[in-house]
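J.: Residue numbers (full-length UniProt numbering), protein chains in the order written: chain A, 1 to 423; chain B, 1 to 423.
All residues carry an ideal CB built from backbone N, CA and C; glycine is no exception.
None of the values given here were measured: they were computed from a predicted structure.
The structure under discussion is supplied below as C-alpha cells; questions concerning it will follow.
2 protein chains.
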Amino acid sequence: MDHRPGTTSRRGFMRAGLAASVALPAAASMARGQGTPDPLITEVQDWARYSGDGVDATPYGLPIQFESDVIRRNVSWLTADTISSINFTPIHQLDGTITPAGCAFERHHSGAIELAKPDYRLMVNGLVDRELVFTYADLERFPRRQGVYFCECAANTGMEWAGAQLNGSQFTHGMIHNMEYVGVPLKTLLAEAGVKPEGRWIYVEGADASSNGRSIPLEKAMDDVMVAFKANGEALRKEHGYPARLVVPGWEGNLWVKWLRRIEVTAGPVESREETSKYTDTLANGVSRKWTWVMDAKSVVTAPSPQVGITHGPGPLVITGLAWSGRGTITRVDVSVDGGRNWTTARLAQPGVPMAMTRFYLDHLWDGEEMLLQSRAVDETGYVQPTKNALREIRGENSIYHNNGIQTWWIKKDGSAENVEVS
Amino acid sequence: MDHRPGTTSRRGFMRAGLAASVALPAAASMARGQGTPDPLITEVQDWARYSGDGVDATPYGLPIQFESDVIRRNVSWLTADTISSINFTPIHQLDGTITPAGCAFERHHSGAIELAKPDYRLMVNGLVDRELVFTYADLERFPRRQGVYFCECAANTGMEWAGAQLNGSQFTHGMIHNMEYVGVPLKTLLAEAGVKPEGRWIYVEGADASSNGRSIPLEKAMDDVMVAFKANGEALRKEHGYPARLVVPGWEGNLWVKWLRRIEVTAGPVESREETSKYTDTLANGVSRKWTWVMDAKSVVTAPSPQVGITHGPGPLVITGLAWSGRGTITRVDVSVDGGRNWTTARLAQPGVPMAMTRFYLDHLWDGEEMLLQSRAVDETGYVQPTKNALREIRGENSIYHNNGIQTWWIKKDGSAENVEVS
Chain A
1 MDHRPGTTSR RGFMRAGLAA SVALPAAASM ARGQGTPDPL ITEVQDWARY
51 SGDGVDATPY GLPIQFESDV IRRNVSWLTA DTISSINFTP IHQLDGTITP
101 AGCAFERHHS GAIELAKPDY RLMVNGLVDR ELVFTYADLE RFPRRQGVYF
151 CECAANTGME WAGAQLNGSQ FTHGMIHNME YVGVPLKTLL AEAGVKPEGR
201 WIYVEGADAS SNGRSIPLEK AMDDVMVAFK ANGEALRKEH GYPARLVVPG
251 WEGNLWVKWL RRIEVTAGPV ESREETSKYT DTLANGVSRK WTWVMDAKSV
301 VTAPSPQVGI THGPGPLVIT GLAWSGRGTI TRVDVSVDGG RNWTTARLAQ
351 PGVPMAMTRF YLDHLWDGEE MLLQSRAVDE TGYVQPTKNA LREIRGENSI
401 YHNNGIQTWW IKKDGSAENV EVS
Chain B
1 MDHRPGTTSR RGFMRAGLAA SVALPAAASM ARGQGTPDPL ITEVQDWARY
51 SGDGVDATPY GLPIQFESDV IRRNVSWLTA DTISSINFTP IHQLDGTITP
101 AGCAFERHHS GAIELAKPDY RLMVNGLVDR ELVFTYADLE RFPRRQGVYF
151 CECAANTGME WAGAQLNGSQ FTHGMIHNME YVGVPLKTLL AEAGVKPEGR
201 WIYVEGADAS SNGRSIPLEK AMDDVMVAFK ANGEALRKEH GYPARLVVPG
251 WEGNLWVKWL RRIEVTAGPV ESREETSKYT DTLANGVSRK WTWVMDAKSV
301 VTAPSPQVGI THGPGPLVIT GLAWSGRGTI TRVDVSVDGG RNWTTARLAQ
351 PGVPMAMTRF YLDHLWDGEE MLLQSRAVDE TGYVQPTKNA LREIRGENSI
401 YHNNGIQTWW IKKDGSAENV EVS
C-alpha cells in the first residue's frame with residue numbers, strides 16, 4: 001500500500017471498503033454490509049476535501065450542533081415557577097465522572113443572580129474574636145485546596161417515594177453534579193476570625209434574595225468544607241454561585257450555599273425555614289427527622305435507560321452508570337438484569353474517590369430478552385444501597401428527601417426502557 | 001442577633017460593617033477600611049432585592065460575562081493561516097487540574113471539520129487477519145475505559161528555544177489541556193481485527209484534509225492508547241475531534257489524531273511528513289532526532305505571571321502552577337523566587353496522577369521585592385526538569401519541539417511580570 005505523506009491512498013480505501021464488515025466481540029459478530037461498498041469509505045468526503053474552521057473560530061467553544069439535546073432540563077409541573085426550581089443534569093448522555101459546568105444541575109430558591117467580583121463581600125461574624133469582611137481578592141490570598149466532589153440535591157429521586165414517576169435517569173437522578181472544586185478551606189477563614197469557645201455551629205447565607213440560610217455543625221465546618229471559587233478549572237458559573245460558594249463534601253446540596261455572603265458562628269442551630277419546614281424527612285407518624293445532611297450511598301444505571309434505549313440487536317451491550325456516597329468512597333457496585341434476583345459485580349472505571357462520583361461499567365451480552373435493570377452501590381463503611389421498599393418500611397411515604405433506593409429500568413425487547421418498581 | 005428564616009438581620013449587617021476589616025494571615029494583616037462603612041455591606045443590594053434567572057434560562061450554560069477574557073487565544077504571526085495553527089489554553093486564569101473543553105487548546109493542520117456520528121467510519125486494515133470498519137454505534141458496544149490525561153503539543157514552549165519570547169504562561173505553556181477521556185482501548189479493536197505476527201507498528205490517520213498521519217509502535221498501541229469519544233463527561237467538541245479521537249497518554253499531541261478514520265497495522269513506520277519534516281528535533285550539527293514521542297517532565301508557574309501580575313502589596317501570596325510528565329506521576333515540584341538559587345518544595349494539590357496534570361501551590365510571604373520565579377518538576381522516574389540552558393547544551397538551538405526547560409518570570413516591585421531567562 002502506497003503512503004503519501006499527508007494523504008491516504010484512495011485505492012487502499014476502496015479495497016478495504018469492499019471488505020468492510022462490522023465487527024463485535026465473538027458471540028455477537030454481525031456481518032452487516034459485507035461486500036456492499038459504503039460510500040463513506042469509497043468516496044472522498046467533503047470534510048477531507050475542504051479545510052475546516054481556523055483556531056480563531058471559537059475563543060470559547062460550545063458543543064457541536066449534533067449534541068444540542070445534551071442539555072439541562074426542568075420539569076414544569078414540579079414547581080410553581082422557574083426561579084425557585086431545579087433543572088437536571090443529562091446524566092443519561094454523559095460518561096466518565098466529571099460533569100461539564102454547562103449542563104451541571106442547578107437549584108435556585110430565588111433565581112441565579114449576577115454578582116461581580118468587585119462587588120463581592122464575605123462576612124464572618126457572631127461568636128468570633130474579630131468580625132471580618134473579606135473581598136474576593138482577599139480570598140485569593142489564602143492557601144487553596146482542590147477536590148472532586150459530588151453535589152446532590154436532597155430531593156434527588158424525591159418523586160420516586162410515590163412509586164415510579166419520571167421516565168429517565170436525567171429526571172429521577174439528575175439533581176446532581178460532580179466537579180473539581182478549588183477554594184479556601186473554611187477552617188482557615190474561621191481561624192482568621194477566631195472562633196470563641198461557645199461557638200458550636202455556623203449559619204451560612206447566600207447573597208440572593210432567598211439567602212437560603214442553613215446551620216452546619218462547627219465540627220464539619222472545621223473539617224473539609226471550603227469556600228470555592230473555581231469548578232472544573234474555571235470560575236464558577238453564574239448559576240453555580242459565582243464568584244464564591246460553599247462546598248460541603250458528601251452533604252446535601254442545599255448546604256452548598258451559592259453567592260456566599262455571610263458565615264455566622266453561633267452557639268446552636270438557627271432552625272431556619274430551610275431546615276424546619278424544608279429539608280427534613282417526615283415519617284409515617286408525622287414526626288420529622290432533621291439534620292439529615294449526609295447523602296447515603298446511591299447509584300443508578302444511566303444507560304441504557306428510558307431516554308437512551310438500546311438501538312441495536314442482541315449481543316454486546318455496555319451497561320453503565322454512576323455511584324456515590326457521602327460517607328466516603330464507593331468500593332463496589334453490583335448490577336442485576338433480573339430485578340435483583342441475581343447480581344454481577346460491575347467494573348469501576350477508577351478506584352473510588354471520597355465523596356465523588358464513580359463510574360461503573362458492566363460489559364453484558366444481551367440475549368435480546370426483557371431485563372429489569374438495577375444497580376446497587378456499596379461504600380467503604382460497608383453500607384449497601386437499599387431497595388425503595390426497604391426505605392419505605394422505615395421512613396413511610398411522606399418524605400421528599402433522601403431517597404437512595406435501588407432504581408429499576410424495565411428494558412423491553414425492542415430496546416426501549418421504562419421506569420418501574422419491582423416488589 | 002435576630003434570625004428570621006430566609007432573611008438576614010439588617011441591623012446585624014450594619015454593626016458588622018462598622019467593624020469590617022480585611023483579614024489575612026498574621027504577618028500581613030492589613031487594616032483596610034477599618035471604621036469606614038462599606039455600602040456593599042450596609043445597604044441591601046439589588047441582587048438581594050430582586051429574583052435572578054430561572055432554571056430554564058440556560059439549558060447549556062456559558063461563563064458569566066465578567067469572565068469573557070478567559071478564552072483561547074492564537075498568535076497571528078506564529079503561523080501563515082489559522083486553519084493550520086494553534087490556539088492556547090488560558091492556563092494563567094485557571095486553577096485545579098481539569099481544563100474546561102470550552103477553552104482547551106486546539107491545533108489543526110487543515111481546520112476543525114464537522115463530522116456527524118452517522119457519517120463516522122473507523123477502518124482497521126493492513127497486517128490484520130480481517131480488515132474491519134466500525135461505525136460510531138459499534139464503538140459504543142465495546143468495553144470502555146476512563147482516564148484523565150494531559151495532551152501537550154510537542155511545540156509547546158517551542159518559541160523559547162531562541163530566548164524569552166512570549167509574554168505570558170498562556171502563550172509559553174498553553175499548548176496543553178488536561179481532560180477526563182472515555183473511550184475504547186485500541187488494543188480491543190486491534191484484537192478484534194487480529195494483528196498478524198509481522199505487524200509491529202500502526203499508522204493512524206484523521207478524516208480531515210490533512211489526514212495528519214503518524215506512526216506508533218505496536219507496543220504503545222497495545223498498552224494504554226484509546227479511541228476516545230468523551231472528554232470531561234460529554235461528547236468531544238468539534239475542535240477536539242468529534243466524534244472520536246486517539247488518546248496516546250504521555251505522548252506528544254500530534255499523535256492524538258482527531259476525527260480518527262483509519263488505523264493501519266504495518267511492519268515498519270511510514271515516515272510520513274508529520275514525522276520527518278515535522279515533529280523531529282534538529283540538533284546543532286543538523287542531524288534530527290526522530291521518534292521523540294514522550295513528553296518529559298515539565299512545569300510552569302501559572303500565576304503570578306505576565307498576564308496575571310500581583311495586584312496587592314507585600315504579604316501572603318499564592319504562587320501556583322501546573323506540572324506533568326509523560327513518564328508517569330509527578331512526585332515533587334520545587335519553586336524558587338530567586339532564579340534557581342534556593343528552592344522550596346511546593347504543596348501538590350493531590351497525589352500525582354499518571355500522565356495527567358498536577359496542580360501545585362506555594363503559600364509565600366512576599367516581601368514586596370523583585371522575584372525571579374521558577375518551578376522545577378520531578379517525576380516518578382527521578383527525572384528532574386532541566387534548565388533551558390542545559391537543554392540547549394545538548395540539543396542546540398535549532399529545535400522547535402520538546403522544550404521542557406525551567407521557565408522564569410521576573411516579578412517586579414509593582415507586581416507586574418515579564419518573561420526572562422537567567423543564565
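1. Counting contacts by CB-CB distance shorter than 9 Å, is PRO249/A in contact with chain B?
2. Going straight from the alpha carbon of GLY326/A to that of GLU397/B, what length do you get?
3. Does the separation of the CB atoms of ALA377/A and ILE330/A fall below 9 Å?
4. Between SER110/A and LEU78/A, what straight-line distance do the alpha-carbon atoms span, to the nearest angstrom?
5. Mapping the DSSP letters down to three states, classify GLY126/A as helix, strand or coil.
6. So, is GLU219/B buried or exposed, given that buried needs 16 or more other C-beta atoms within 10 angstroms?
7. Over what stretch of residues does the beta strand (DSSP E) that includes THR358/A continue unbroken?
8. Using C-beta distances below 6 Å, list every residue in its chain close to TRP366/B, excluding the 5 sequence neighbours before and after it, in chain order.
9. Given this structure, state the Cα-to-Cα distance separating GLY405/A from GLY194/A, to the nearest angstrom.
10. Give the DSSP-derived three-state secondary structure of ASP334/B in the structure shown.
11. In chain B, which residues lie less than 8 Å from HIS312/A when you measure between Cβ atoms?
12. Would you check if the distance between the CB atom of TRP409/B and the CB atom of LEU372/B is smaller than 9 Å?
13. 9 Å is my cut-off, CB to CB: does HIS108/B come that close to chain A?
14. Looking at chain A, is there any beta carbon in it that lies within less than 9 Å of the beta carbon of GLY321/B?
15. Which residue's Cα is closest to the Cα of VAL124/B: THR135/B, TYR149/B, ALA390/B, VAL287/B?
16. In chain order, what residues of the same chain lie with their CB nearer than 7 Å to the CB of SER305/B, ignoring the 5 residues before and after it?
17. Looking at the secondary structure, which residues open and close the beta strand (DSSP E) in which PRO217/A lies?
18. Return the residues of the region 45 to 62 of chain A that lie within a Cβ-Cβ distance of less than 9 Å from chain B, sorted by chain order.
19. Under 6 Å Cβ to Cβ from THR358/B, same chain only, skipping five residues before and after it: list those, please.
20. Could you pull out every residue in the same chain whose Cβ sits closer than 7 Å to the Cβ of LYS117/B, ignoring the five residues on either side in sequence?
21. Distance, Cα to Cα, ASP296/A vs ASN285/A?
22. Where does ALA104/B sit, in a helix, a strand or coil, going by DSSP?
23. Report the residues of the region 335 to 362 of chain B with a CB closer than 7 Å to any CB of chain A, ordered along the chain.
24. Would you check if there are 3 or more beta carbon pairs closer than 8 Å linking the region 66 to 75 of chain B to the region 83 to 91 of chain A?
25. Does GLN93/B get closer than 9 Å to chain A when you measure Cβ to Cβ?
26. Whole angstroms is fine: what's the gap from PRO37/A's alpha carbon to VAL133/B's?
27. So what's MET179/A in DSSP terms, helix, strand or just coil?
28. Which bits of chain A does ASP119/B rub up against, with CB to CB less than 9 Å?
29. Of all the beta strand (DSSP E) runs that stay within the bounds of the UniProt domain "Oxidoreductase molybdopterin-binding" (116 to 270) of chain B, which reach a length of 3 or more residues?
30. Going by beta carbon distance, what residues of the same chain come within less than 6 Å of LYS290/B, once the five residues before and after it are set aside?
31. Using alpha carbons as the reference points, say which of LYS258/B, PRO59/B, GLN165/B, VAL55/B lies closest to ILE113/A.
32. I'd like to check one pair, GLY52/A with ASP208/B: are the Cβ atoms closer than 9 Å?
33. If you measure between the beta carbons of ALA228/A and VAL204/A, is that distance less than 9 Å?
34. Tell me the DSSP secondary structure of PRO316/B in three-state form.
35. Just mark GLN65/A as buried or exposed, buried being the case when its beta carbon has 16 or more other beta carbons within 10 Å.
36. Cβ closer than 7 Å: which chain B residues qualify as neighbours of ILE71/A?
T.: This is what the structure gives:
1. no
2. 54 Å
3. yes
4. 16 Å
5. strand
6. exposed
7. 358 to 366
8. PRO314, LEU317
9. 42 Å
10. strand
11. ALA137, ARG141
12. yes
13. yes
14. no
15. THR135/B
16. HIS92, GLY168, SER169, TRP409, ALA417
17. 214 to 217
18. GLN45, ASP46, TRP47, ALA48, ARG49, TYR50, SER51, GLY52, ASP53, GLY54, VAL55, ASP56, ALA57, THR58, PRO59, TYR60, GLY61, LEU62
19. ALA323, ILE330, LEU348, GLY352
20. TYR136, PRO243
21. 23 Å
22. coil
23. ALA349, GLN350, ARG359, TYR361
24. no
25. yes
26. 11 Å
27. strand
28. LEU40, GLN45, TRP47
29. 121 to 126, 132 to 135, 145 to 152, 176 to 185, 201 to 206, 214 to 217, 226 to 231, 245 to 247, 260 to 266
30. THR280
31. VAL55/B
32. yes
33. no
34. strand
35. exposed
36. PRO59, TYR60
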